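See structure below.
Number of protein chains: 4
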Amino acid sequence: MKGYGMRCIGSPAWLEKDIPVCGPLDAIIQPTMVAVCSSDTHILHGGFGEHKDLILGHEAVGIVAEVGSMVRGFRPGDYVVVPCSTPDWLSPTIQSTPSNAHDRGLMQSFKFIGSKDGIFAERFHVNQADANLALLPDGVTPEQALMTVDMMSTGYHGVELAEIGFGDTVVVIGIGPVGLMALSGAAIRGAGRIIAVGTRKPCVEAAVYYGATDIISYKAGDIADQVLEMTKGGADKVIIAGGSAETFTQAVRMTREMGTVANVNFFDHSETLGFPAMLWGVGMANKDIRGGFCPGGARRIQKMLALIQAGRVDPARIISHKLHGFTKLPEAVELMDSKSPELIKPIVYFDDLA
Amino acid sequence: MKGYGMRCIGSPAWLEKDIPVCGPLDAIIQPTMVAVCSSDTHILHGGFGEHKDLILGHEAVGIVAEVGSMVRGFRPGDYVVVPCSTPDWLSPTIQSTPSNAHDRGLMQSFKFIGSKDGIFAERFHVNQADANLALLPDGVTPEQALMTVDMMSTGYHGVELAEIGFGDTVVVIGIGPVGLMALSGAAIRGAGRIIAVGTRKPCVEAAVYYGATDIISYKAGDIADQVLEMTKGGADKVIIAGGSAETFTQAVRMTREMGTVANVNFFDHSETLGFPAMLWGVGMANKDIRGGFCPGGARRIQKMLALIQAGRVDPARIISHKLHGFTKLPEAVELMDSKSPELIKPIVYFDDLA
Amino acid sequence: MKGYGMRCIGSPAWLEKDIPVCGPLDAIIQPTMVAVCSSDTHILHGGFGEHKDLILGHEAVGIVAEVGSMVRGFRPGDYVVVPCSTPDWLSPTIQSTPSNAHDRGLMQSFKFIGSKDGIFAERFHVNQADANLALLPDGVTPEQALMTVDMMSTGYHGVELAEIGFGDTVVVIGIGPVGLMALSGAAIRGAGRIIAVGTRKPCVEAAVYYGATDIISYKAGDIADQVLEMTKGGADKVIIAGGSAETFTQAVRMTREMGTVANVNFFDHSETLGFPAMLWGVGMANKDIRGGFCPGGARRIQKMLALIQAGRVDPARIISHKLHGFTKLPEAVELMDSKSPELIKPIVYFDDLA
Amino acid sequence: MKGYGMRCIGSPAWLEKDIPVCGPLDAIIQPTMVAVCSSDTHILHGGFGEHKDLILGHEAVGIVAEVGSMVRGFRPGDYVVVPCSTPDWLSPTIQSTPSNAHDRGLMQSFKFIGSKDGIFAERFHVNQADANLALLPDGVTPEQALMTVDMMSTGYHGVELAEIGFGDTVVVIGIGPVGLMALSGAAIRGAGRIIAVGTRKPCVEAAVYYGATDIISYKAGDIADQVLEMTKGGADKVIIAGGSAETFTQAVRMTREMGTVANVNFFDHSETLGFPAMLWGVGMANKDIRGGFCPGGARRIQKMLALIQAGRVDPARIISHKLHGFTKLPEAVELMDSKSPELIKPIVYFDDLA
């Protein structure tokens, strides 16, 4: 089969691979629609270390092509939503923990990138289908479902980490697709004022759509200064969904005593994250600093889908570009790589494979 | 001064009283707008035991008339929002607890009814003004603010007790004013499907406005049966905002394993609450049963007000009747007492006292 | 193979059965030491409904006899500790929930009793071995390990449900083996005063050993009256580890506002649990009522074992009777059934099967 | 009256001051026994900025000399325990928050150092006596009580921030008096293995007494390396109770995915705290980083005292030096300043003032 990915760091390429083998607990999926994520281009450029002949992609919905002998809940032909994080639920490490993203170590539940080929292919493999797949439910479009598997689930993890209380003032730093989803999640999690940090026009418009009450820009001065002034002493909760080590320092600074910094941004592995001790009350400020990876599994995605079914949120509003055809994958990856000002999130319909 | 309340159980009356004395930490408020609550008529009919010559009412906004010598944050003339629950913050009992409603014992923070005259008067007293009053902020109407002091704060306490997760299926039993507020709170706390239980037309319309996805009625059969069928096994969270001991049993029954029943309903003091052990998995079902009284204090109300300022919710949508004039208090109380089909929440403007 | 259990309700019997079949994810265990639980006699007498030709028992440690083809972490010959609750970790129902005891419905993770033969046999079956077995670690005796699989894990679940804070006053009602373990868990979870309710001499002695500061008895009057007087208004947390519907009512009564009732007792399925509304502040008291079944899985038991390794607790102190020989099972079951005054917990060594 | 403190940075001195004025809500205390804290010498050397003519000290028990007109719960002659952190409970900032240490801003509840004279004096002032004082209860010695007001309350705050679960592996970095208390708190909060980091002999002995299972030393190599090897991948929870910015980095490194770093150490205000992004999973590791100041108030101290009454812990074990006489204050401060190898915690009896 064909797949699109990387020959080596810096070299995107079409790859020819065998159709993956389906274990007894697993499923093979034929994707119908995929999205490109900045993690894909991050890997392509070496952000997760050396990789060779790897099919990229981890956001997909599709049709079940094959199931293993022990799978009970799915059959070929089912239209399924595939979480980007698919834990090994038989690993005791994730039992009774608030996150399931680290089944056998750091981010090891992120199998599409960590340990096997991704979903930019004619077929892809899902481990433990019963525990990791969700049926596309009535009342949810495939496009909406596609936005749950990473963008919404990751953004909402930021909201969960932030432990927002009714009426809290929340800052969302970075309003790319994950930040926008975090923002939408904060709005339906009880936040009062939501200050979004960003500048690109389509993103700003989407931020207002999802519930931002204020928009501030890096261009108007230090963002921590702006937040401290607007909030008279700091925000209750700050969600980082984009930026660099400098952003991290600013986030700590703009958070008030007893507040929380919640990170869902991939920092560069060469960075050092830090802050002057004074910004953390020399250790005494009761400012929590948290950060985590997208939780996975069937139930997680079912809960996201339930929000869409109930009309609480429409994550498809972040889709800015729709490309038709499996062959458009290189164009979609290039779009994400170049991050044009109009881009929020590109998706690709595999309608030529049906 | 004049006040409206009860001569004794069953006898509503205008009463003549001295203006309350302002202690060093306290404030005296001139109400500008008040709401009538079913608790008021409940007391009138003896629901909280014997009371004589008591001014009723506990939902008000108004103007500060006088402050004590130790009050720092308020001055005469300030327009303030007054929580129905005004704890004694110097009582160690409420330190570091999740609720502050029981400062010196059960519901003792509910001072307007428990230990002194209420707010249906030309002037009323507020203990510990700095800790218990909130300024009416920009972007919030007095009517909206008035709905926060009990209805919204109580309803949202139900939501907090229910510990709703993103996408949870929530039932709200009873869609009077508190139930409607609970429903609105569930919708902005991350609930997916929300099943409202009620029948009166204006309440049903308001329930849809606030985010109900389904409406069921007692008239169509046992409500637990209906929920169990709709949800295939039970709701994640059930909020009780109205009903009797039978309702309590139904709530336990319609909640799934690992779910929560959250009560903000006043049951009758002569009732016994219970359920067959089987409905609780003979003790093993991990169904939490919780119930509590409206949290109080300035910060609580500030958080509610912040939600309104941000446009997350408009609690004034529950106001069904607006009466003008201090002298209309008997009519308003009578409205609440007779619970006509069109009634949700009546308020009274004291515009003749200005 | 031989196993001991019930022919039908009321008829204990030796049964002849095939050795269970080992699925790809599973293991077959040869028990070396087992304990009898009151649940076993409860089933025998019909407490969980109709059962025929069922091998009883759910508390065992033993030697791995066989593993399935997909098992990675265990090999024949390993000495393992077997949780009484062995969830199906591939069921999405338990993903991201605080309990895992209800994998496909109420208590369905309790497979030894719910859906297959138990462990009073020459061999028994464990589903999903990698996720559900723990190796017997250094520094823990088999006897201690045996006490973790139900008694300690269940008792500690009561402690977890009670959400004890440092210095809280805790009541433990019932000081049989589960209650004693709950008591030991409360003592190492930060409880201050611990009031144990019980009368039998060996249990009272063990309660003092595990950290009870006060012992009260049913014989000296209503236990709620006693607790209310001793605590001047109620305990912070009450753990129910024995008793009837009346006990439940007493527990609610003896808990103070903002406190918690935590149940790990099996009530009789014919009982109705309830309380006068006044004892729950007519719904307003912020008294949580919780109850649940023993969490399962490898990690749970590893954490219990870690406490023993560190010397925090010795659960083997509750073993009152040690019988030697597989053939002594009937005697052990009879001991549990007759509940002699000297009994706390009987165990049986299968040393004649080695 | 006389008091001991600092003339200016670097100059300890006896000071002559007026007896403090008692406001209506306040109390004046005659200390009977005080302890010296490293914070005292930290201030003396300029660690909290410029201070002139300031009486030092914030750990005391004593006799009530005077109460304000509105104080209800205390009378002259009462023997009281005085929390080092005495919040202004009328400040809405601390309502409904998990910490009360920041009443009007960062650490503002720490009034003895932040805004007025301390307790090394013949008399000292306590704000809001009803909310901030606790009676010395039966079964607790004054020495034990004295150890609760900062050492135990601060150490136990570290334990609370760490959110220890049953059986967790916990590292305590620094085993001075606060670290030892944190260690004792971890042991009675359900920790399994506890690895203490320290070298001084009396501290190591006390660490073993309080429940350490392992002791490691800075002298044997990088402490993070040691912990990572001992725990095969990192500790569940790490409490920092001493050290520098380097320690902070090590703590992040030695914590496993889904673990928590909990800080109760005062870092130097000139330091920058940080870590390579890789140690935090480039933001994805779900490692929480928390740090806070000692919670205050009556109830907090009552809970600590309840632990002592129940025999769960004896904090007086950390007292290494007992000096007799008000006039010994300079010697005690000098002891703390020079940190001799035998020192853990010095206290001074004011027996010459009685």
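Protein chains in written order, with the working numbering: chain A, 117 to 470; chain B, 117 to 470; chain C, 117 to 470; chain D, 117 to 470. C-beta atoms are modelled at their ideal positions from N, C-alpha and C, and glycine is treated no differently. Remember, it's a predicted structure, so these values are computed and weren't measured experimentally.
Query	Result
Buried versus exposed call for Glu458 of chain B [16 or more other C-beta atoms within 10 Å across all chains shown]	exposed
4-residue-minimum alpha helix (DSSP H) runs that sit fully inside the region 227-295 of chain C, ordered along the chain	227-230, 245-248, 258-263, 269-278
Interface positions of the region 264-277 of chain A facing chain D (Cβ-Cβ less than 7 Å), listed along the chain	none
Alpha-carbon to alpha-carbon, Lys353 of chain C and Gly375 of chain C	6 Å
Gly358 of chain B vs Gly271 of chain B beta-carbon contact at 7 Å	no
Continuous alpha helix (DSSP H) stretch holding Leu344 of chain A: start and end	339-347
Touching by the beta-carbon criterion (3+ pairs, under 8 Å), the region 167-187 of chain C and the region 381-390 of chain A	no
Beta bridge counterpart(s) of His440 of chain C as assigned by DSSP	C:Tyr465
Other residues of its chain near Thr257 of chain A: CB distance less than 7 Å, five sequence neighbours each side excluded	Ala432
Listed by chain order, chain B residues near Ala237 of chain D by CB distance under 9 Å	Simply none; closest approach about 25 Å.
6 Å Cβ shell around Phe240 of chain A - same chain, five flanking residues per side excluded	Ile145
Euclidean distance between Cα positions of Asp467 of chain B and His440 of chain B	7 Å
Status (buried if at least 16 other CB within 10 Å, exposed otherwise) for Pro199 of chain B	buried
Trp130 of chain A - DSSP class collapsed to helix/strand/coil	strand
Under 8 Å (Cβ pairs) to chain A, residues found in the region 365-385 of chain D	Glu373, Met374, Asn379, Val380, Asn381, Phe382, Phe383, Asp384, His385
Length of the line joining the Cα atoms of Val294 of chain C and Asn379 of chain B	30 Å
Proximity below 7 Å, CB of Ile280 of chain D to CB of Val313 of chain D	no
Partners in chain C for Asn402 of chain A, counting only beta-carbon separations shorter than 9 Å	Correct list: empty, because the minimum Cβ distance to chain C is about 17 Å.
Close-in-space but distant-in-sequence residues of the same chain around Asn216 of chain A (CB under 7 Å, 5 per side omitted)	Pro203, Ile210, Ser225, Pro411, Gly412, Gly413
CA-to-CA distance, Ala247 of chain B to Met122 of chain B, given in whole angstroms	29 Å
Inter-residue CB distance, Met263 of chain A and Ile460 of chain A (contact presumed, cutoff 8 Å)	Met263 of chain A to Ile460 of chain A, Cβ: 11 Å. No contact.
Rounded Cβ spacing between Leu59 of chain B and Phe364 of chain B (contact assumed at less than 8 Å)	Limits of chain B in this structure are 117 at one end and 470 at the other, which puts residue 59 of chain B out of reach.
Residue nearest to Ala307 of chain B in terms of C-alpha spacing, selected from A:Leu206, A:Trp205, A:Leu423, A:Glu345	A:Leu423
Interface residues of the region 397-431 of chain A facing chain C [CB-CB below 8 Å]	Pro411, Gly413, Ala414, Arg415, Arg416, Gln418
Residues in the region 195-215 of chain B having any Cβ partner in chain D nearer than 7 Å	Trp205, Leu206, Pro208, Gln211, Ser212
Three-state secondary structure assigned by DSSP to Arg316 of chain D	coil
Per-residue burial, His174 of chain D [other beta carbons within 10 Å of its own, 16 or more giving buried]	buried
Neighbour flag for Glu182 of chain B against chain C, beta carbons, 7 Å	no
Check whether Ile310 of chain A and Ala322 of chain A have beta carbons under 7 Å apart	no
Opening and closing residue of the alpha helix (DSSP H) in which Asp453 of chain A lies	445-454
Exposed unless 16 or more other CB atoms sit within 10 angstroms - verdict on Cys153 of chain D	buried
Gln146 of chain C (DSSP reduced to helix, strand or coil)	strand
Per-residue contacts from Arg309 of chain D into chain C (C-beta, under 8 Å)	Ala422, Gln425, Ala426
Interface residues of chain B facing Asp246 of chain D [CB-CB closer than 7 Å]	Leu206
Cutoff 7 Å: Gly283 of chain C Cβ touching any chain D Cβ	yes
Val137 of chain B burial status per 10 Å Cβ neighbour count (16 or more: buried)	exposed
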